[in-house]
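> Order-wise, the sequence lines are chains A and B.
Numbering of the first sequence is given in my numbering, commencing with residue 1 and proceeding in unit increments.
Numbering of the second sequence is given in my numbering, commencing with residue 800 and proceeding in unit increments.
Note that beta-carbon positions come from the ideal geometry of N, C-alpha and C, so glycine has one too.
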Amino acid sequence: MSLLHLAIISPFLLAILVPILYKLLRKVHAGWFVLPLPMLLFIYFLSYIPRTSIQQTVIKSFAWIPTLGIDFTFKVDGLGLLFALLITGIGSLVVFYSIYYLSKDKEQLNTFYVYLLLFMGAMLGVVLSDNLIVLYTFWELTSFSSFLLIGYWYDREKSRYGAQKSMLITVFGGLSMLGGIILLYLMTGTFSISEIIQQSNEILTNPFFIPAMLCILLGAFTKSAQFPFHIWLPDAMEAPTPVSAYLHSATMVKAGIYLVARMSPIFAENGLWVWLVAGFGIVTLFWGAFSAVKQTDLKGILAYSTVSQLGMIMSLLGIGGAAFHFDSSNNSYFTVATVAAVFHLINHATFKGSLFMVAGIVDHETGTRDIRKLGGLMYFMPITFTIAIIGTFSMAGLPPFNGFLSKEMFFTAMVRVLEIGIFNLETWGVLFPIIAWVASIFTFVYSMLLVFKTFTGKFQSEKLAKKPHEAPIGMLIPPTILASLVIIIGFFPNLLSNTIIAPAVAAIMPNFKVDVHISFWHGFTTELFMTLGVIVIGILLYKALPKWRRVYRLFPEKFSLNRLYNSILDVSQRASRTMTNRYLTGFSRTYLLYLFAFFIIILATTLFVKDAFTVKTNNLSSIHLSEAILALVISIGAISIIFAKSRLTSIILLGAVGYTVSIFFVLFRAPDLALTQLVIETISVALFLLCFYHLPKFKKREERMRFRIANAVISVGVGAIVTMIAMSAHSNKLFDSIAQYYVDNTYEKAAGKNMVNVILVDFRGFDTMFEITVLAIAALGIFGMIKLRLEGGKKNENQ
Amino acid sequence: MFHSAILIAILCIALAMLGFIYRAIKGPTIPDRVIALDALGINLVALTALISIVLDTNAFLEVILLIGILAFIGTVAFSKFLEKGEVIENDRDR
Chain A
1 MSLLHLAIIS
11 PFLLAILVPI
21 LYKLLRKVHA
31 GWFVLPLPML
41 LFIYFLSYIP
51 RTSIQQTVIK
61 SFAWIPTLGI
71 DFTFKVDGLG
81 LLFALLITGI
91 GSLVVFYSIY
101 YLSKDKEQLN
111 TFYVYLLLFM
121 GAMLGVVLSD
131 NLIVLYTFWE
141 LTSFSSFLLI
151 GYWYDREKSR
161 YGAQKSMLIT
171 VFGGLSMLGG
181 IILLYLMTGT
191 FSISEIIQQS
201 NEILTNPFFI
211 PAMLCILLGA
221 FTKSAQFPFH
231 IWLPDAMEAP
241 TPVSAYLHSA
251 TMVKAGIYLV
261 ARMSPIFAEN
271 GLWVWLVAGF
281 GIVTLFWGAF
291 SAVKQTDLKG
301 ILAYSTVSQL
311 GMIMSLLGIG
321 GAAFHFDSSN
331 NSYFTVATVA
341 AVFHLINHAT
351 FKGSLFMVAG
361 IVDHETGTRD
371 IRKLGGLMYF
381 MPITFTIAII
391 GTFSMAGLPP
401 FNGFLSKEMF
411 FTAMVRVLEI
421 GIFNLETWGV
431 LFPIIAWVAS
441 IFTFVYSMLL
451 VFKTFTGKFQ
461 SEKLAKKPHE
471 APIGMLIPPT
481 ILASLVIIIG
491 FFPNLLSNTI
501 IAPAVAAIMP
511 NFKVDVHISF
521 WHGFTTELFM
531 TLGVIVIGIL
541 LYKALPKWRR
551 VYRLFPEKFS
561 LNRLYNSILD
571 VSQRASRTMT
581 NRYLTGFSRT
591 YLLYLFAFFI
601 IILATTLFVK
611 DAFTVKTNNL
621 SSIHLSEAIL
631 ALVISIGAIS
641 IIFAKSRLTS
651 IILLGAVGYT
661 VSIFFVLFRA
671 PDLALTQLVI
681 ETISVALFLL
691 CFYHLPKFKK
701 REERMRFRIA
711 NAVISVGVGA
721 IVTMIAMSAH
731 SNKLFDSIAQ
741 YYVDNTYEKA
751 AGKNMVNVIL
761 VDFRGFDTMF
771 EITVLAIAAL
781 GIFGMIKLRL
791 EGGKKNENQ
Chain B
800 MFHSAILIAI
810 LCIALAMLGF
820 IYRAIKGPTI
830 PDRVIALDAL
840 GINLVALTAL
850 ISIVLDTNAF
860 LEVILLIGIL
870 AFIGTVAFSK
880 FLEKGEVIEN
890 DRDR
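#1: Residue 865 of chain B versus chain A: which residues are under 8 Å apart at the beta carbon?
#2: Kindly list the residues whose CB is nearer than 7 Å to the CB of residue 359 of chain A, restricted to its own chain and excluding five residues on each side of it in sequence; keep chain order.
#3: Where DSSP assigns a beta bridge to residue 711 of chain A, which residues make up the other side?
#4: By Cβ distance below 8 Å, which residues in the same chain neighbour residue 253 of chain A in space, the five residues on each side in sequence not counted?
#5: Check the Cβ-Cβ distances between residue 798 of chain A and every residue of chain B, and say whether any is below 8 Å.
#6: Between residue 41 of chain A and residue 88 of chain A, how many whole angstroms is the CB-CB distance? I'm expecting something under 8 Å.
#7: Which of the three DSSP states, helix, strand or coil, is assigned to residue 799 of chain A?
#8: With C-beta atoms as the reference, is residue 451 of chain A less than 8 Å away from residue 389 of chain A?
#9: Skipping 5 residues on each side, what residues in its chain have a beta carbon closer than 6 Å to that of residue 147 of chain A?
#10: Suppose you measure from the CA of residue 599 of chain A to the CA of residue 589 of chain A; what does that come to, to the nearest Å?
#11: Check whether the Cβ of residue 758 of chain A lies closer than 8 Å to any Cβ atom in chain B.
#12: Might you give, ordered along the chain, the residues of its own chain that have their beta carbon closer than 7 Å to the beta carbon of residue 638 of chain A, omitting 5 neighbours on each side?
#13: Kindly indicate if chain A contains any beta-carbon less than 8 Å away from that of residue 893 of chain B.
#14: So what's residue 110 of chain A in DSSP terms, helix, strand or just coil?
#15: Check whether the Cβ atoms of residue 114 of chain A and residue 15 of chain A lie closer than 8 Å to each other.
#16: Output yes or no for whether 8 Å exceeds the beta carbon distance between residue 562 of chain A and residue 490 of chain A.
#17: I'd like the span of the alpha helix (DSSP H) that includes residue 642 of chain A, first residue to last.
#18: Out of A:662, A:612, A:754 and A:578, state which residue places its alpha-carbon closest to the alpha-carbon of residue 728 of chain A.
#19: Which of the three DSSP states, helix, strand or coil, is assigned to residue 618 of chain A?
#20: Can you give the Cα-Cα distance for residue 852 of chain B and residue 624 of chain A, rounded to whole angstroms?
#21: So residue 673 of chain A and residue 861 of chain B are in contact, right, with Cβ under 8 Å, and what is the actual spacing, rounded?
#22: Looking at residue 840 of chain B: is its Cβ nearer than 8 Å to the Cβ of residue 808 of chain B?
#23: According to DSSP, is residue 131 of chain A helix, strand or coil?
#24: Which partner residues of residue 668 of chain A appear in the DSSP bridge assignment?
#25: Here's the rule: buried if 16 or more other CB atoms are within 10 angstroms of the residue's CB, otherwise exposed. What is residue 893 of chain B?
#26: For residue 667 of chain A, would you say it is in contact with chain B, using Cβ-to-Cβ distances shorter than 8 Å as the test?
#27: On the criterion of 16 or more Cβ atoms from any shown chain inside 10 Å, does residue 798 of chain A qualify as buried, or is it exposed?
#28: For residue 644 of chain A, collect the residues of the same chain with a Cβ closer than 7 Å to its Cβ; drop the 5 residues on either side in sequence, then sort them by chain order.
#29: Pairs of beta-carbons, one from the segment 404-422 of chain A and one from the segment 337-357 of chain A, closer than 8 Å: are there three or more?
#30: Quick check: the Cα distance between residue 321 of chain A and residue 417 of chain A, rounded to an integer number of angstroms?
#31: Rounding to the nearest angstrom, what Cα-Cα distance links residue 831 of chain B and residue 882 of chain B in this structure?
#32: Whose C-alpha, out of A:405, A:754, A:217 and A:408, is nearest the C-alpha of residue 263 of chain A?
#33: May I ask you to report which of helix, strand or coil DSSP gives residue 893 of chain B?
#34: Sort out for me which residues DSSP pairs residue 73 of chain A with in a bridge.
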């Protein structure tokens, strides 16, 4: 176990300690115990930068289940490190923010920080593990801890709904991803991602390749809230705001992005991958941006904006995957998309984190997040306003913030789609830049909506629960740090390019030499004019918003994806309930019907499919007259049981059948059996008579059994099948009997002349012992049933 | 000669059993039926004995004794049931 392992499990260890510390030190806000850990981890991961920036990877392994090839193998390369830094860095800020956001007295802080630490550890495990099964384990842990965090205020109905929804969708995707992992293992024989990447060329033509890709993509799309699985993210906004800022903008929703980036070297050479990733990404980008304008809740806007930006990163990764199709010589032209994806990933984490914190501050200081109630807050909270301006302008892609740079690169990548010329991209590829451009306009509109509806306009004090004022300094520090990062990255983008972005891109595209240089000024290029167009049309649309807001009414709620999700849940629940009620009738006769029907179907099919029904007459013995008469008697007895009018007749006839059987035993020379059969038959007939005598009076109607055609068919079928099987089995005796051994040795070895008894107590005495046990249990059971009655049971006694 | 005598005996007993069965099914009162069943049991004894002779074995003598005991116990139990309404009196229990 190395220091790296310790770093990854340290959040789990601290999660164990948090409740203890919380109970011991009630006076201190529990967040203060938690805060040092992510900061230490951040510094620790920073120390990896010198190694990764020269393309070194650090691999540390710790055996877990070595026989199955499952080990805690952690690998720090550029991509993993970038995510680890995001997780720990934003994690520290979020913990700091939550100290001021969550009240020490009103909230159950111990559970909050336990969940948060669980999540942090799980997320670190996801991004750093090289073993796919370990990755899946941590992946599910992120789902669970996210479920717990969304449902943190579990007494609210909406929190529970959101938590359940996100759980169902992400676990659905997670399981599909597990399927993909297993398929990958079947193809390559290893769970190690690095080893699978080395075999990526060989598995390209494997029949499992496409299913594995689809399964893994499904996992990534559900986790990263891609269309149409994005619906859980807006409902996850019921979580406390620090959780939304951390999980649902910066870390968890990027796990799917991470997975796609990580798997690119394996799958991206296939055109389907490029199409699916880029296509779903661009649709998500547009749909998220379009839906965000409709929202009136601050966090709702931010949620859809997150969906949209994740779609943008996803589509960039898809386009970047197209580069795998070319040689690594002329790559610089196409890998710009991957660079843009990584760059925007960082940018999005910074500005979206700060914006969520701003939304939290507004909520905290005014008591509402509804933009229809808010307005004119800039005079009350100037610092928050400044942070919000920086965040939203960066989100909208305006210079000089970092969002501008990544948006320019995004446009560059989208425009270059037209020139790729593979995977049929030249025909439909023209849609990519158009959709991207339109989506950017919507992005601009909702960004402006977010900041100007909240902070400018008329102040409506009567609609607010509290008198607004500036937030405490502690709540402002984390968003300020993020906002300053937005500006710093905006002005000096190349600070990151060689240290973080280039190694990350190198990890996504291992065989390419990518020259990452982000220039602030491109010259007068197409992208610049596209951005200008976005700004101009965006301003016009924002001004005219009240006029075209009606567009959203064209899409009634009825056709929304949420409605679909709810009705799927509802219908599946109702359908399964109906189905269960249909076949679980509660009558044992129905269940017996199923049992016997399946008995017939399965055995008859087997008999006829295997062509097993044979009759051989050569080994049969001759039939005596007395046997024939007895058979006649027993048949008449058995048949008349069915047609007997009274129960008493049935019991007597059953006794007659039993006695005839004992006569058969006499005829077939089985004296011990005949003895036992006589005694047992007498006792059981007596017991039947006992039951008959105690039947309740009003039910003692003496009538013949009702005739049901299905019952008749099934009973005849069962009889026929059993007869056929018995005949076939008799005709196919493969071996001689072993009885000769007993004949020879009963006296020689066991000192007895009665062979049946010697077998029962000597050769195979074990069976006898347990049959004695069975009788003992039956006797005790009957005694217990008769003697032991619970209080109140007396009433039923004489019912 | 001996063999056909045995067969004739079996036939006679079978006919006798048919008669008792008729009485057991028809029999206007319950004691009629009980007596018929008892006699049936004794006929079964005879039948078993004859079959043992046919099969030339003495392995079924216990069966004969057993049927005798069972027929006796059964008849006694039925008689007591008809007399008192129950077979085993358990007044000591309660």
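Let me lay it out:
#1: 675, 678 and 679
#2: 241, 298, 299, 302 and 369
#3: Note: residue 711 of chain A sits in no beta bridge, so no partner.
#4: 223, 224, 225, 233, 247, 306 and 310
#5: Its pLDDT being 47, under 50, residue 798 of chain A is placed unreliably in this model, and the coordinates cannot settle the point.
#6: 4 Å
#7: Interpretation of residue 799 of chain A is limited by its pLDDT of 41, a score under 50 that renders its predicted location unreliable; the figure taken from the coordinates is listed afterwards. Looking at residue 799 of chain A - three-state DSSP - the assignment turns out to be coil, as it is neither helix nor strand.
#8: yes
#9: 163 and 167
#10: 15 Å
#11: no
#12: 657
#13: Reliability fails at residue 893 of chain B, whose pLDDT of 49 lies under 50, so the model's placement of it is uncertain and no value is given.
#14: helix
#15: yes
#16: no
#17: 625-643
#18: A:612
#19: coil
#20: 16 Å
#21: Wrong, their Cβ atoms sit about 12 Å apart, outside the cutoff.
#22: no
#23: strand
#24: Answer is none; residue 668 of chain A lacks a bridge partner.
#25: Residue placement at residue 893 of chain B is flagged as unreliable, the pLDDT there being 49, under the threshold of 50; a coordinate-derived value is accordingly withheld.
#26: yes
#27: With a pLDDT of 47 at residue 798 of chain A, under the threshold of 50, the predicted position of this residue should be treated as unreliable, though the coordinate-derived value follows. When all chains shown are included, residue 798 of chain A counts as exposed.
#28: 650 and 653
#29: yes
#30: 11 Å
#31: 15 Å
#32: A:217
#33: Residue placement at residue 893 of chain B is flagged as unreliable, the pLDDT there being 49, under the threshold of 50; the coordinate-derived value follows with that caveat. Here residue 893 of chain B sits in coil by DSSP.
#34: A:61
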